[in-house]
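Working notes, beginning with the structure itself.
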Amino acid sequence: MSYLILPKRVFNSPLIEYANFEDGSFVNLIRLIKPYANGDCYAVYERTKSPFCSNGLFKTYEKAKEKFELMIRNNQYETKLRNRGLTNNLYYVKTWIKRLKN
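Residue numbers (our numbering): 19 to 120.
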């Protein structure tokens with residue numbers, strides 16, 4: 019099974035949402051500062067033990083959020099969720115979505 023290795027661009031972009039688990043694993047939802055030409059604007063990055071979780075790049079916030087929620091649910095079979103939350107960077111998502119709609 020091939021595993022998507024996220025580019026450096028993802029790790030230099032703002033974190034939107036996070037979920038941390040008791041075993042030290044985590045799932046992050048990230049908005050790319052510089053979207054790709056193919057339209058990918060969001061990334062989901064995970065370090066979990068669940069075989070059903072994987073990294074991904076997405077064109078819309080809704081698709082990325084759906085994957086983020088699914089990965090949290092899948093990893094909860096392996097370990098307990100310690101905390102999850104939103105960062106102040108969610109503001110940028112809302113302005114980005116407004117810009118795309120106009």
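Where is the CB? At the ideal position from N, CA and C, for every residue including glycine.
Keep in mind that this is a model prediction, so the values were computed, not measured.
- Taking 8 Å as the cut-off, the Cβ atoms of Asn30 and Arg100 do not count as close.
- Exclusion of the five residues before and after Ile90 leaves Ala37, Val45 as the residues of its chain whose Cβ lies within less than 6 Å of its Cβ.
- Around the beta carbon of Tyr54, a 10 Å sphere encloses fewer than 16 other beta carbons of the protein chains shown; the residue is thus reported as exposed.
- Cβ-Cβ separation between Arg49 and Asn107: approximately 7 Å, consistent with a contact (criterion under 8 Å).
- Note: Ile48 is bridge-paired with Leu33, Ala61 in the DSSP secondary-structure output.
- In the DSSP assignment, Leu88 falls within the unbroken alpha helix (DSSP H) covering 79 to 93.
- By a beta-carbon distance limit of 8 Å, Leu88 does not contact Glu35. Their separation comes to about 13 Å.
- In this structure, the CA atom of Lys83 is about 21 Å from the CA atom of Gly42.
- The residues Asp58, Ala61, in chain order, have a CB closer than 6 Å to that of Leu75 in the same chain once the five nearest residues on each side in sequence are set aside.
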